[in-house]
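Asks: Please read through the structure below; I'll follow up with questions.
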Amino acid sequence: MVQAIIALTSYNGKFFADGAKTGVFFVEAYHPYEVLRKNGAEITFVSETGTFGWDEHSLSADFLQGEDREVYENAEHPFMQAIKTMKKPSEIDASEYDLFFAAGGHGCLFDFPTATGLQAIFLAIWQNHGVVAAVCHGPCLFENARDSNGEYFLKGKKATGFTDEGEAILQLDQIMVDMNLKAPKHGIEANGGTYVQPADPWSSFTVTDGKFVTGVNPASASETTQKAIDVLA
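Numbered as in our numbering, the sequence shown ends at 280 without a single skipped number.
Now the structure itself:
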């Protein structure tokens, strides 16, 4: 049985112009969970502090509809139960895992680039020939991480992530400037990686580079996860 980690941001603070909090983007945690579960994987949720909160905009009618909303509103759903069992990095033995997936949400911008506990886990899985994947703002976790040779993990790798255009459409670009936050493209390129731009900000789009898989937005969460499973095989 495949052993998989879904890593979540611990940040849950005010971010949006209306005062709403950011955190974990709901479908970017739930859709990967469902794809992994349907493929027979055993899933462990981890965050840097062992805590998390939802991105409040991700729970709005614009982003949470149909079955996804039913899951969120059902506290007894297996996903809602599983995510309550969140672990801290110190509780994880990375050698037991085959696949690492970093979920998104603007909360990632705040804690992922310095989340050394989560970074140590994905680096160990990678060095053990496992698969590393992320969606939307999840690739921020790879920023600043260095391999056993002291090289940036992202150096020489192709990756994607939520676009600058998407931030502008959501009217978050100035907020991010004010908070000194940058979309994934900038960290990828600063670490020597190649950012792959999608044709548009909202359609499903993924990039596979060996056993490294990234996706651009919420619509890409399922495809990114399935491709990660495919390259693990």
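Heads up, the beta-carbon is just placed ideally off N, CA and C, and yes, glycines get one too.
Going along the chain, which residues of its own chain have a beta-carbon closer than 8 angstroms to the beta-carbon of residue 218, five neighbours each way excluded?
Replies: As a working mapping, residue 218 is identified with position 171 in the sequence shown. Around residue 218: 64.
Asks: Okay, do the region 65-74 and the region 166-174 touch, 3+ Cβ pairs below 8 angstroms being the bar?
Replies: Flag = no, the region 65-74 and the region 166-174 do not touch.
Asks: Mapping DSSP to helix, strand and coil, what is residue 140?
Replies: Numbered from its first residue, the sequence shown carries residue 140 at position 93. DSSP places residue 140 in coil when its eight states are reduced to three.
Asks: Identify every run of the alpha helix (DSSP H) within the region 112-176, keeping only runs that are complete inside it and at least 4 residues long; order them along the chain.
Replies: Here the runs fully enclosed are 113-119, 125-129, 155-158 and 163-174.
Asks: Inspect the beta-carbon positions of residue 239 and residue 201 and report whether they are closer than 8 angstroms.
Replies: For the purposes of this step, residue 239 is taken as residue 192 along the sequence shown, with counting starting at 1. For the purposes of this step, residue 201 is taken as residue 154 along the sequence shown, with counting starting at 1. Yes. Within cutoff.
Asks: My understanding is that residue 183 touches residue 265, with C-beta atoms under 8 angstroms, so please give their C-beta distance in whole angstroms.
Replies: As a first step, residue 183 must be located in the sequence shown, where it is residue number 136. As a first step, residue 265 must be located in the sequence shown, where it is residue number 218. The pair is a contact, with the Cβ atoms about 6 angstroms apart (cut-off 8 angstroms).
Asks: From what residue to what residue does the beta strand (DSSP E) around residue 262 run?
Replies: Against the sequence shown, residue 262 aligns to sequence position 215. It spans 259-262 - the beta strand (DSSP E) in which residue 262 sits, taken as one unbroken run.
Asks: Going by the DSSP bridge assignment, what does residue 101 pair with across the sheet?
Replies: Along the sequence shown, one-based indexing puts residue 101 at 54. DSSP lists 71 as partners of residue 101.
Asks: Assuming the contact rule is C-beta atoms closer than 8 angstroms, residue 78 and residue 268 should be a hit. Round their C-beta distance to whole Å, please.
Replies: Walking along the sequence shown from the start, residue 78 turns up at place 31. Walking along the sequence shown from the start, residue 268 turns up at place 221. Yes, residue 78 and residue 268 are in contact; Cβ-Cβ is about 4 angstroms, under 8 angstroms.
Asks: Could you check what DSSP says for residue 89 in three-state terms: helix, strand or coil?
Replies: One-based indexing of the sequence shown puts residue 89 at position 42. Correct three-state label for residue 89: strand.
Asks: Considering just the uninterrupted stretch of the beta strand (DSSP E) at residue 55, what are its terminal residues?
Replies: As a position in the sequence shown, residue 55 is number 8, starting the count at 1. 50-55 is the extent of the beta strand (DSSP E) around residue 55.
Asks: My assumption, with CB atoms under 8 angstroms, is that residue 270 sits in contact with residue 257. Please give the rounded CB distance.
Replies: For the purposes of this step, residue 270 is taken as the residue at position 223 of the sequence shown. For the purposes of this step, residue 257 is taken as the residue at position 210 of the sequence shown. About 17 angstroms separates the two Cβ atoms, so there is no contact after all.
Asks: Just checking, does the region 156-169 make contact with the region 98-116 on the three C-beta pairs under 8 angstroms criterion?
Replies: Segments in contact, no.
Asks: For the alpha helix (DSSP H) containing residue 211, name the first residue and the last one.
Replies: Here residue 211 corresponds to residue number 164 of the sequence shown, with the count starting at 1. Taken as a continuous stretch (DSSP letters only), the alpha helix (DSSP H) holding residue 211 covers 211-216.
Asks: For the putative contact between residue 98 and residue 137, defined by C-beta atoms under 8 angstroms, what is the C-beta separation to the nearest angstrom?
Replies: The residue given as residue 98 occupies position 51 in the sequence shown. The residue given as residue 137 occupies position 90 in the sequence shown. At roughly 14 angstroms, the Cβ-Cβ gap does not stay under 8 angstroms, so residue 98 and residue 137 are not in contact.
Asks: Using a 10 Å radius around the Cβ and a threshold of 16 neighbouring Cβ atoms, would you call residue 276 buried or exposed?
Replies: Residue mapping note: residue 276 aligns to position 229 of the sequence shown, counting from 1. With 16 or more Cβ atoms within 10 Å of its Cβ, residue 276 is classed as buried.
Asks: How far does the beta strand (DSSP E) with residue 256 in it extend, from its first residue to its last?
Replies: Counting from one through the sequence shown, the residue named residue 256 turns up at place 209. Looking at the DSSP string, the run of the beta strand (DSSP E) that includes residue 256 is 253-256.
Asks: Identify, in the order they occur along the chain, each residue of the same chain with its Cβ nearer than 6 angstroms to the Cβ of residue 88, setting aside the five sequence neighbours on each side.
Replies: As a position in the sequence shown, residue 88 is number 41, starting the count at 1. Counting only Cβ-Cβ distances below 6 angstroms, and skipping sequence neighbours, we find 49 and 51.
Asks: When we look at the beta-carbon of residue 94 and count the other beta-carbons within 10 Å, is it buried (16 or more) or exposed?
Replies: In the sequence shown, residue 94 corresponds to position 47, counting from 1. That one is buried.
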